[in-house]
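See structure below.
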Amino acid sequence: MIEKFDFLISGAGIVGTAISMQLRNKFPEAKILVIDKEKTPGAHGSGRNSGVLHAGFYYTPDSLKAKFTREGNEFLADYCETKKLRINKCGKLVVARDEEDLAQMDVLFERGKINKVDIHEIDASEAKKLEPLAKTYKKALYSPKTYSVDPVEVLISLQKEAEISKIIFRYSEKFLNFRNGLVETDQGKYDVGHFINASGLQADLIARKFGFSKNYEVLPFKGLYLYSDELPSPFRMHIYPVPDLRNPFLGVHVTMTVDGKAKLGPTAIPGFWRENYNYFESFSLPEFLNITMKQLNLFFTANFPFRELALEEIKKHSKHYMVKKAGDLAEEIRYEKFTKWGKPGIRAQLVDTVEKKLVSDFLIEGDSKSTHILNAVSPAFTGSFPFAGYAVGKMQI
Numbered sequence: 177m178i179e180k181f182d183f184l185i186s187g188a189g190i191v192g193t194a195i196s197m198q199l200r201n202k203f204p205e206a207k208i209l210v211i212d213k214e215k216t217p218g219a220h221g222s223g224r225n226s227g228v229l230h231a232g233f234y235y236t237p238d239s240l241k242a243k244f245t246r247e248g249n250e251f252l253a254d255y256c257e258t259k260k261l262r263i264n265k266c267g268k269l270v271v272a273r274d275e276e277d278l279a280q281m282d283v284l285f286e287r288g289k290i291n292k293v294d295i296h297e298i299d300a301s302e303a304k305k306l307e308p309l310a311k312t313y314k315k316a317l318y319s320p321k322t323y324s325v326d327p328v329e330v331l332i333s334l335q336k337e338a339e340i341s342k343i344i345f346r347y348s349e350k351f352l353n354f355r356n357g358l359v360e361t362d363q364g365k366y367d368v369g370h371f372i373n374a375s376g377l378q379a380d381l382i383a384r385k386f387g388f389s390k391n392y393e394v395l396p397f398k399g400l401y402l403y404s405d406e407l408p409s410p411f412r413m414h415i416y417p418v419p420d421l422r423n424p425f426l427g428v429h430v431t432m433t434v435d436g437k438a439k440l441g442p443t444a445i446p447g448f449w450r451e452n453y454n455y456f457e458s459f460s461l462p463e464f465l466n467i468t469m470k471q472l473n474l475f476f477t478a479n480f481p482f483r484e485l486a487l488e489e490i491k492k493h494s495k496h497y498m499v500k501k502a503g504d505l506a507e508e509i510r511y512e513k514f515t516k517w518g519k520p521g522i523r524a525q526l527v528d529t530v531e532k533k534l535v536s537d538f539l540i541e542g543d544s545k546s547t548h549i550l551n552a553v554s555p556a557f558t559g560s561f562p563f564a565g566y567a568v569g570k571m572q573i
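To convert a position in the sequence shown, counted from 1, into the numbering used here, add 176.
Here it is, written out as structure tokens:
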């Protein structure tokens, strides 16, 4: 039997869930189905991210990331408080090491002001009052509205709310193909008015079944954090370095968890297959060969500092090196306190295969039959709800 739905969403992460809820707001009577190939919520990006609700000052003012991060932060912070979900309103310092960092810090501060983010430029003595363990050169940026949550707790709560509005979630169901006007999964076939691809690490592969993502491919980057079990933590807030604005990664930082512990990281180690979490888990030989060749190509021909990035990230396999990098940001970073690697996450970073560069912003492609979310990387969790509203507005339906 072929079931019929107005909308079918592949991917039950935060973006897929938010899109389903925004569709329900716009189409109260629509039949909406969300499928996911995993058994439980948050198996990939939405459950393996840092848990940080970003404030929105990193992103260029013309970007979708800038447009949706501040609003998304406010939405999820309010949601957590309304639903009595855990939230750590710890705030964040961005610290400098030298004069070069100060110049880049000025860029971030200007972006923050243009993006209407609550951000403050403070001197080193003020930074010490806020976070006595922070190290900074001359000045720092203070972001009072950078928080931490439990992303899986948030996702499960949202899905329960979605189900109350008669959105259907089916786990352990994998998208296979779009053929003869029907969506095919490993559980059956569906007649669908509009298909939405919010499949994270698999998004580019699924998009190609519909004729999209022709010049884009996901390149996985593995993120690992080194945890301390110390409670109470000696740290009061997140402490971040001034990032290299040539790439989308924020560098090794001290991150506060929702329960008040500290962790160091993350890495951004190039992965060898899409779900390269642990050893040979989910190993795919075709993916390994394809991604390895892509990485070698980028190593020599990329229009961004991929070689420098890859060589630096390999060093972060060492706990000693990770602790040393974090020690540039704060006192009390000692090897004996940070000993346990956390659950790895993989960033589904999109690469423009023609321009040979990383795609920096969220990207949507589609037509009257389908919509594809192709670069839902950080801060996609934070910006998920306003971004989902934007995606629904862009759909050709």
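For glycine and all other residues, C-beta sits at the position ideal for the given N, C-alpha and C.
Assuming residue i contacts residue j under a Cβ cut-off of 8 Å, what Cβ separation, rounded to an integer in Å, is found between them?
i, j, result
"residue 351", "residue 382", "6 Å"
"residue 520", "residue 453", "5 Å"
"residue 497", "residue 439", "At roughly 16 Å, the Cβ-Cβ gap does not stay under 8 Å, so residue 497 and residue 439 are not in contact."
"residue 316", "residue 271", "5 Å"
"residue 226", "residue 208", "Incorrect: roughly 29 Å between the Cβ atoms, too far for contact."
"residue 185", "residue 366", "Wrong, their Cβ atoms sit about 11 Å apart, outside the cutoff."
"residue 376", "residue 442", "About 17 Å; that fails the 8 Å criterion."
"residue 425", "residue 449", "Not a contact, Cβ separation roughly 20 Å."
"residue 573", "residue 370", "5 Å"
Alpha carbon to alpha carbon, how far is residue j from residue i? Give it in angstroms, no decimals.
i, j, result
"residue 401", "residue 321", "22 Å"
"residue 422", "residue 536", "10 Å"
"residue 189", "residue 331", "7 Å"
"residue 481", "residue 202", "43 Å"
"residue 253", "residue 549", "24 Å"
"residue 533", "residue 479", "5 Å"
"residue 256", "residue 529", "39 Å"
"residue 429", "residue 545", "42 Å"
"residue 472", "residue 460", "18 Å"
"residue 304", "residue 268", "13 Å"
"residue 206", "residue 281", "47 Å"
"residue 567", "residue 277", "35 Å"
"residue 237", "residue 290", "7 Å"
"residue 483", "residue 364", "44 Å"
"residue 199", "residue 451", "29 Å"
"residue 182", "residue 306", "51 Å"
"residue 476", "residue 458", "28 Å"
"residue 279", "residue 296", "16 Å"
"residue 191", "residue 437", "27 Å"
"residue 284", "residue 234", "6 Å"
Taking the alpha carbon of residue i as the point to measure from, which residue in the options has its own alpha carbon closest?
i, options, result
"residue 539", "392, 532, 518", "392"
"residue 374", "542, 275, 475", "542"
"residue 555", "573, 571, 324, 341", "324"
"residue 259", "294, 231, 329", "329"
"residue 427", "365, 569, 485, 531", "485"
"residue 249", "284, 526, 319, 180", "319"
"residue 378", "261, 529, 221", "221"
"residue 561", "418, 247, 389, 390", "247"
"residue 204", "210, 341, 296, 301", "341"
"residue 394", "475, 466, 362", "466"
"residue 547", "500, 415, 564, 468", "564"
"residue 468", "488, 457, 445", "445"
"residue 518", "212, 187, 223, 386", "223"
"residue 265", "433, 502, 569", "433"
"residue 435", "194, 228, 212", "228"
"residue 388", "191, 300, 372", "372"
"residue 417", "235, 501, 212, 570", "501"
"residue 531", "474, 415, 261, 557", "474"
"residue 405", "390, 510, 368", "510"
Provide the residue span of the alpha helix (DSSP H) that contains residue i, from first to last.
i, result
"residue 406", "Segment: none, residue 406 is in no alpha helix (DSSP H) and carries neither H nor E."
"residue 303", "300–306"
"residue 201", "190–202"
"residue 569", "560–570"
"residue 333", "327–340"
"residue 490", "482–491"
"residue 467", "461–477"
"residue 222", "221–224"
Just to confirm the assignment, what range does the beta strand (DSSP E) spanning residue i have?
i, result
"residue 181", "179–186"
"residue 316", "315–319"
"residue 361", "358–361"
"residue 524", "521–528"
"residue 371", "364–373"
"residue 271", "268–271"
"residue 286", "No beta strand (DSSP E) holds residue 286; the alpha helix (DSSP H) holding it covers 275–290."
"residue 392", "392–399"
"residue 249", "Not the beta strand (DSSP E): residue 249 falls in the alpha helix (DSSP H), residues 240–258."
"residue 499", "Where residue 499 is concerned, there is no enclosing beta strand (DSSP E), although the alpha helix (DSSP H) it sits in stretches over 495–502."
"residue 343", "Premise fails: residue 343 is in no beta strand (DSSP E) and is neither H nor E."
When you compare the segment 302–322 with the segment 330–340, are there three or more beta-carbon pairs, one atom per stretch, that lie closer than 8 Å? no
Any chance the segment 486–493 sits against the segment 352–365, with 3 or more Cβ pairs inside 8 Å? no
Check whether the segment 404–412 touches the segment 506–514, taking contact to mean three or more Cβ pairs, one atom from each stretch, closer than 8 Å. yes
Mind the definition here: the segment 234–248 touches the segment 214–221 only if three or more C-beta pairs lie below 8 Å; say whether that holds. no
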